[in-house]
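One line per chain: the protein sequences are A and B, in this order.
For the first sequence, position 14 (counting from the first letter as 1) is numbered 14 according to the working numbering, and the numbering increases by one without interruption.
Throughout, the working numbering is defined as the position within the second sequence, counted from one, plus 256.
Remarks on the structure that follows.
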Amino acid sequence: MTFEAGTFTPAPGRGSLGRMLATQVLLETKLALRQGEQVLLTLVIPLALLVGLTLLRVVPLPEPRATSALGTVLALAIMSTAFTSQAISLGFDRRYGVLRRLAATAVPRWLIVLGRLGGMAAVVLVQVVVLAAVAVALGWRPGAGSPGWVVLLVVLGTAAFGAVGVLLGGSLRAELVLAVANIVWFVLLFAGGVLVPAAALPGPLATVVQLLPSGALAEGLRTALVGGTPSTVHVVVLLAWTVVAGGIAVRTVRWS
Amino acid sequence: MHRPPRLSSVSGAVRALEVRDLVVRYQGRAAVDGLDLDLAPGQVLALLGPNGAGKTTTVEVCEGLRGRDAGEVRVLGTDPAGAPDALRARLGVMPQGGGAYPGVRVREMVGLVATCSARPLDPDWLVETLGLASCARTPYKRLSVGQQQRLALACAVVGRPELVFLDEPTASLDPQGRRLVWDLVRALRADGVAVLLTTHLMQEAETLADHIVIIDHGRTVAEGSPDDLTAAGADRELRFRAAAGMDLRLLADALPEGCTVSEPTPGSYLVEGSIDPQVLSAVTSWCARQGVLADDLRVARRSLEDVFLELTGRELRS
């Protein structure tokens with residue numbers, strides 16, 4: 001193979017930060033929405049639960065059922081994306097050396113982190129839109145809720161679970177991350193206040209659940225969606241998980 | 257051994273790479289132990305050595321991805337420690353293995369790395385040129401190792417860097433892929449790009465490099481141009497086959513000073529010394545006078561592999 005002279009003449013320089021960020025966010029979003037297992041976790045299961053919880057009266061839920069179910073599946077969807085899916089993809093991205101690859105380009109490191117968070121936020125946005133649309137079809141009427149609180153809780157929940165997810169995905173081997181992230185997801189779904197409200201759990205567990213990000217987010221969303229004000233405890237719990245897990249992650253997360 | 261001076265001062269052109277007395281330790285053990293390297297723009301430097309010799313560690317220090325315990329490093333005149341953004345924009349890096357999202361498609365990954373640079377090469381052209389067009393939409397984890405390696409190479413050069421680090425660029429490629437990489441390295445060099453490549457393939461170093469540094473246990477065991485390394489210090493030899501038991505006195509007289517001739521096994525003759533055209537002509541004319549045909553006449557020259565074996569007592573590929 002012959003190359004025309006001058007093809008590789010050096011012309012270095014950093015690309016536009018805005019374009020770099022946009023390209024990375026778009027790519028991370030596409031990757032998350034393209035991967036079967038992740039979509040199962042982030043969209044298929046929450047959608048199935050939304051329909052099932054609304055139409056089948058297996059789990060006791062306050063009326064209107066579509067509203068309560070939406071609170072539950074929004075919390076689940078955020079947990080799936082920000083924690084499980086994020087931890088697993090981070091674990092494997094580290095294994096595949098993509099962070100080192102990007103760190104060796106002209107991209108500033110803060111932009112790589114921001115790109116990941118942006119991708120995560122974009123997936124959460126897609127989830128909220130899809131789940132809300134289906135909930136409307138099932139009889140949910142947005143008018144009754146407190147939209148400000150709902151948005152704040154979605155943001156705080158994404159931050160708290162994202163911090164824990166990055167902490168997990170950034171410190172263990174990829175296979176271990178996969179196992180732990182899935183087990184924790186399963187446990188929190190059933191015993192973490194997501195599917196079964198804290199009030200329906202036995203005494204001591206109910207108290208613990210209020211202090212978990214899963215319990216705080218799900219309880220808070222169910223309250224806010226019917227127009228109530230979430231308890232300060234729930235907001236503080238989400239903030240505390242974000243700060244503590246995020247603080248540890250900044251120190252411990254390894255790039256490869 | 258000749259001790260190079262400390263880092264060159266402001267006088268003279270900025271070198272692409274300058275390493276002095278580099279030391280990197282892993283848990284107390286020195287993986288790199290006092291290494292010196294120099295690379296000028298438009299030149300190719302090959303770090304040759306067996307696995308575990310410290311090649312990748314050295315490259316990662318120069319890329320700014322790894323810290324060092326001692327020594328001076330200047331990459332394009334800048335200390336890479338902490339990998340300042342402005343320096344990284346001028347480098348192209350091909351890591352050894354990996355370097356992409358497991359689910360990313362070939363064209364997407366090249367596109368992503370291209371956006372990091374201000375004036376990148378056309379990703380479509382690069383994908384096509386490196387023979388990746390047929391798998392442009394294939395996710396990374398489903399690529400063959402050779403395809404992954406060519407993608408890594410594309411990502412290393414797409415930003416039109418001044419200095420390219422290629423860590424074992426052809427380790428998993430078939431001969432065709434290897435030739436493509438070699439052509440690319442030659443094109444980079446011709447266009448003024450400095451290339452540091454690591455390899456454990458002698459032929460690769462011999463073919464591509466202006467300067468070869470052979471390292472083992474993190475230390476330089478030999479360095480020089482490919483010719484220097486294979487010629488230096490070695491008395492070369494000439495062998496030929498002819499009828500057994502010929503009288504060698506006449507030949508010995510005809511040979512230049514310093515050359516000797518012997519018959520190690522019947523019918524197999526060996527001329528030792530500095531073999532030049534004069535020696536060759538002495539041998540052939542002597543054969544003609546004796547009325548014999550010298551058969552299987554060949555000048556043996558040390559290969560880089562012989563040099564390495566002599567220096568380290570180890571197989572390069574081990």
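Cβ coordinates follow ideal geometry from the N, Cα and C atoms, glycine included.
What is the rounded straight-line gap between the Cα of residue i and the Cα of residue j?
i         : j         : result
Leu131(A) : Leu50(A)  : 8 Å
Ser214(A) : Leu53(A)  : 18 Å
Pro417(B) : Val369(B) : 12 Å
Ile78(A)  : Leu436(B) : 47 Å
Ser68(A)  : Val226(A) : 8 Å
Asp484(B) : Leu295(B) : 17 Å
Glu316(B) : Asp289(B) : 15 Å
Pro336(B) : Ala508(B) : 59 Å
Thr9(A)   : Gly387(B) : 21 Å
Ala135(A) : Ile248(A) : 37 Å
Leu114(A) : Pro147(A) : 26 Å
Val98(A)  : Leu399(B) : 15 Å
Ala374(B) : Thr394(B) : 27 Å
Glu424(B) : Ile471(B) : 14 Å
Pro522(B) : Ala500(B) : 5 Å
Gly338(B) : Leu321(B) : 8 Å
Leu219(B) : Gly367(B) : No answer is possible for residue 219(B): the residues shown for chain B start at 257 and end at 574.
Ala356(B) : Leu31(A)  : 12 Å
If I follow the unbroken beta strand (DSSP E) through residue i, where does it start and stop?
i         : result
Gly327(B) : 326-331
Leu453(B) : 450-455
Thr521(B) : 516-521
Leu300(B) : Note that residue 300(B) is Val in the sequence shown here, rather than Leu. Start and end: 300-304.
Val219(B) : Residue 219(B) falls outside the range modelled here, since chain B spans only 257 to 574, and no answer is possible.
Using DSSP with H/G/I as helix, E/B as strand and the rest coil, what is residue i?
i         : result
Met350(B) : strand
His473(B) : coil
Arg285(B) : strand
Asp439(B) : helix
Tyr396(B) : helix
Ile248(A) : helix
Gly220(A) : helix
Ile78(A)  : helix
Ala104(A) : coil
Ser481(B) : coil
Asp277(B) : strand
Arg14(A)  : strand
Ile88(A)  : helix
Gly290(B) : strand
Thr42(A)  : helix
Glu528(B) : strand
Arg254(A) : coil
Val555(B) : strand
Mind reading off the beta-carbon distance from residue i to residue j? Whole number of angstroms is fine, and I expect it under 8 Å.
i         : j         : result
Arg324(B) : Val362(B) : At roughly 34 Å, the Cβ-Cβ gap does not stay under 8 Å, so Arg324(B) and Val362(B) are not in contact.
Leu278(B) : Thr334(B) : The pair is not a contact, with the Cβ atoms about 16 Å apart (cut-off 8 Å).
Gly119(A) : Thr29(A)  : 5 Å
Return the first residue and the last residue of the alpha helix (DSSP H) that residue i is part of.
i         : result
Ala179(A) : 174-191
Is it buried or exposed for residue i, if we count other Cβ within 10 angstroms and need 16 for buried?
i         : result
Leu156(A) : buried
Asp552(B) : exposed
Pro60(A)  : exposed
Val194(A) : buried
Arg434(B) : buried
Val44(A)  : exposed
Lys311(B) : buried
Phe92(A)  : buried
Trp381(B) : exposed
Leu384(B) : Checking the sequence shown, residue 384(B) turns out to be Glu, not Leu. Classification of Glu384(B): exposed, given that the 10 Å Cβ count is below 16.
Gly396(B) : The sequence given here has Tyr at residue 396(B), not Gly. Result: buried.
Gly204(A) : The identity of residue 204(A) in the sequence shown is Pro, whereas the question assumes Gly. Exposed, by the Cβ-count rule.
Tyr96(A)  : buried
Met365(B) : buried
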